[in-house]
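Here is the structure we will look at.
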Amino acid sequence: MRLKIIGSAAGGGFPQWNCNFRLSRAARTGMAGVHSRTQSSIAASVDGAGWVLFNASPDIRQQIAQTPELQPAHDAPLRSTPIRAVVLTNADVDHVAGLLSLRERQPFAIYATTQVLATLEANSIFNVLDPALVPRRTLPPAEELAMCDADGHDTGVTVESFPVPGKIALYLEERSRPEANFSSDAGDTIGVRIGGAGSRGSVFYIPGCARIDAALRKRLADAACVLFDGTVYTDDEMIAAGVGQKTGARMGHLAMSGDDGSIAGLAELRIGRRVFVHINNTNPVLDENSAEHAAVKAAGWEVARDGMEMEF
Ligand code: MLT
Ligand code: MN
């Protein structure tokens, strides 16, 4: 199975359009060791011809332009795409807005939890994807499911979804009492185990996670690869940077560092490759010359870049 990280940044991308923090500035000026990144998405394929996307980011047009595998083959029909299905891990803007760019009466399938499908249903703009052409299918928890295209042909990619501690999208919170929607575990945010015919070992994609509990630790033990939420390095990083009021925890994202952080939380497990994805534009690991980047590498983690490819 081939995996491509087509977007390694969190919501907003890197640099973010309105961000003048030192990291976004460094990315704009092309500073050595600071690379621009598009928003959160990966692609998987077992035959190199049909691809399953995990999340559809607002940068999807640029991501397809940067990824020949996701473009129509030269001998394909006048309208065609190698993208057979899109799996959504939550309803965040950075994970669903790209669906709008996949209109043009092109068949493919959407897979998501009932909660996320309800959000698409409640927002009529998503009807630009006519459900007659673009079926919306429920991703049941704890069941390995074959990912099929709009016509039901198996792509060879399988997905097992599981709820992770997280929260609903910021825009779905009740404005007067956001805490009512905080820390939901019921499928508002999921992680996925991605498999495929002939693939070696389990690959997990978890771009949003608020906490590492015993169940998650057990699930990830012995994984060949874990692509994990790398939004912030420290919980209060956005506040310290002066760009916002929210902590990572408030956004449903666990920090990399600290006793309760993801590096410590997964340290004891025998995971083949550990890769941070969904990296926010305030995270110092975006600077390859930073002490934080060195610390993450020393702890056995990789920091994803757009275009990164892996084979399992
Ligand atoms: C998140 O991951 O918390 C969201 O993508 C934030 C956002 O909507 O930008
Ligand atoms: Mn996000």
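Sequential numbering from 1288 applies to the sequence shown in my numbering.
Beta carbons are placed, not taken as given, at the ideal position from N, Cα and C, and that holds for glycine.
**OP:** Ignore the nearest five residues each way along the sequence and tell me which others in E1589's own chain have a CB closer than 6 angstroms to its CB.
**Re:** V1562
**OP:** Could you name the residues of the same chain whose beta carbon sits closer than 6 angstroms to that of G1559, not counting the 5 residues immediately before and after it, in chain order?
**Re:** A1511 and C1512
Original post:
Do the CB positions of A1336 and P1302 come within less than 8 angstroms of each other?
Top reply: no
Original post:
Using the beta carbon as the reference atom, which residues fall closer than 7 angstroms to any heavy atom of the ligand MN, ordered along the chain?
Top reply: A1297, G1298, S1327, D1379, D1381, H1382, P1494, G1495 and H1565
Original post:
According to DSSP, what are the bridge partners of M1597?
Top reply: L1290
**OP:** Starting from R1464, follow the alpha helix (DSSP H) in both directions and report where the run begins and ends.
**Re:** Unbroken run through R1464: none, as it is neither H nor E.
**OP:** Please report the residue range of the beta strand (DSSP E) in which I1370 lies.
**Re:** I1370 to V1374
**OP:** Taking only the alpha-carbon atoms, compute the straight-line gap between V1333 and N1414 and give it to the nearest angstrom.
**Re:** 30 angstroms
**OP:** Within 10 angstroms of the Cβ of E1430, are there 16 or more other Cβ atoms? Answer buried if so, exposed if not.
**Re:** exposed
Original post:
Taking the runs of the beta strand (DSSP E) that are 3 residues or longer, which of them lie wholly in the segment 1490-1527?
Top reply: Counting whole runs of 3 or more residues, the segment 1490-1527 contains the beta strand (DSSP E) stretches 1490-1493 and 1512-1516.
Original post:
Who are C1435's beta bridge partners in DSSP?
Top reply: D1441
Original post:
Got a sec: does the ligand MLT put a non-hydrogen atom nearer than 7 angstroms to the Cβ of L1386?
Top reply: no
Original post:
Quick one: does the C-beta of M1525 sit closer than 7 angstroms to a heavy atom of the ligand MLT?
Top reply: no
**OP:** May I have the straight-line CA-CA distance separating N1342 from A1578, to the nearest angstrom?
**Re:** Whole-angstrom Cα-Cα distance: 31 angstroms.
Original post:
So, helix, strand or coil for Q1353, using DSSP?
Top reply: DSSP places Q1353 in helix when its eight states are reduced to three.
Subject >> Three or more C-beta pairs below 8 angstroms linking the segment 1472-1485 and the segment 1521-1535 >> reply: no
Original post:
Distance, Cα to Cα, L1503 vs S1489?
Top reply: In this structure, the alpha-carbon of L1503 lies about 14 angstroms from that of S1489.
Original post:
Opposite P1418 in the DSSP bridges: which residues?
Top reply: None, per the DSSP bridge assignment.
**OP:** Look at the alpha carbon of A1501 and the alpha carbon of L1357, and state the distance between them as a whole number of angstroms.
**Re:** Spanning the two alpha carbons is a distance of roughly 37 angstroms.
Subject >> Exposure label - D1546; buried when at least 16 CB within 10 Å >> reply: exposed
**OP:** Give the DSSP-derived three-state secondary structure of L1387 in the structure shown.
**Re:** helix
**OP:** Specify, as a first and last residue, the run of the alpha helix (DSSP H) that V1590 falls within.
**Re:** Where V1590 is concerned, there is no enclosing alpha helix (DSSP H), although the beta strand (DSSP E) it sits in stretches over W1588 to V1590.
**OP:** Taking only the alpha-carbon atoms, compute the straight-line gap between Q1350 and A1296 and give it to the nearest angstrom.
**Re:** 12 angstroms
Subject >> beta-carbon G1294 near the ligand MLT non-hydrogen atom, thresh 7 angstroms >> reply: no
**OP:** Compute the distance between the beta-carbons of S1327 and P1494, then report whether it is under 8 angstroms.
**Re:** A Cβ-Cβ contact shorter than 8 angstroms links S1327 with P1494.
Original post:
How about the segment 1424-1441 and the segment 1381-1400: do they share at least three Cβ pairs that are nearer than 8 angstroms?
Top reply: yes
Subject >> Option nearest K1454 by Cα separation, candidates M1597, C1496 and W1338 >> reply: Closest option to K1454, Cα to Cα, is C1496.
Original post:
Rounded C-beta distance between V1564 and F1515? I'm assuming under 8 angstroms.
Top reply: 7 angstroms
Subject >> Which listed residue (E1408, E1447, N1307 and G1385) has its alpha carbon closest to that of V1530 >> reply: N1307
**OP:** Could you tell me whether any non-hydrogen atom of the ligand MLT is closer than 7 angstroms to the CB of L1457?
**Re:** yes
**OP:** Take T1406 as the anchor and find which of L1459, T1425, E1598 and H1540 has the nearest alpha-carbon.
**Re:** L1459
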